[in-house]
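>
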Amino acid sequence: MQFLKILFWCLLAFIAAVFTVANWTSVAIRLWGGMEALVNLPLLLLVTFLAGLLPTLAWHSTLRWRLRARLANAERTLADMRAAMSPQIAAAPPAPLPADPPGTISASAQASSASGAIL
0 MQFLKILFWC LLAFIAAVFT VANWTSVAIR LWGGMEALVN LPLLLLVTFL AGLLPTLAWH
60 STLRWRLRAR LANAERTLAD MRAAMSPQIA AAPPAPLPAD PPGTISASAQ ASSASGAIL
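Mapped onto numbering that gives the first Met the number 0, the consecutive letters of the sequence shown carry residue numbers 0 to 118.
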């Protein structure tokens, strides 16, 4: 699987390099005050791509950080509640074992008869 990831990224880098070489032209950008800036097309595309990616990436990272903090808080609260409830559960007496119906041999009687047969 790692080989396929590396192959994919190499193929993507090759396509980007071919695109860059094929479109290496200057583009005039009009700025304020009548100024013009000559920028290579691949650089302009990279800048516009990063202008869209970086705010989205920052928003996503912030959202993940907030959700992790909320999850940690919920897990901490759950652990505290379990710790508070555990003495109450341990203090409850064990439920009595059901009585055997009449005419059946209990498990303890079967074990003692089986051990007697071995001797």
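Virtual Cβ for every residue (Gly too), placed ideally from N, Cα, C. Nothing here was measured: the structure is a model prediction, and the numbers come from that model.
Between which two residues does the beta strand (DSSP E) containing L30 stretch?
That residue, L30, is in no beta strand (DSSP E); it is neither H nor E in DSSP.
> Roughly how many angstroms separate the alpha carbons of A21 and G33, rounded to a whole number?
Between A21 and G33, the C-alpha separation is close to 30 angstroms.
> Could you give the distance in angstroms between the alpha-carbon of A83 and the alpha-carbon of R75?
Roughly 12 angstroms separates the two Cα atoms.
> Name the one or two DSSP bridge partners that N39 has.
According to DSSP, N39 bridges with S25.
> With C-beta atoms as the reference, is D40 less than 7 angstroms away from T24?
Here residue 40 is Leu; the residue named in the question, Asp, does not match the sequence. Cβ distance < 7 angstroms, so L40 and T24 count as in contact.
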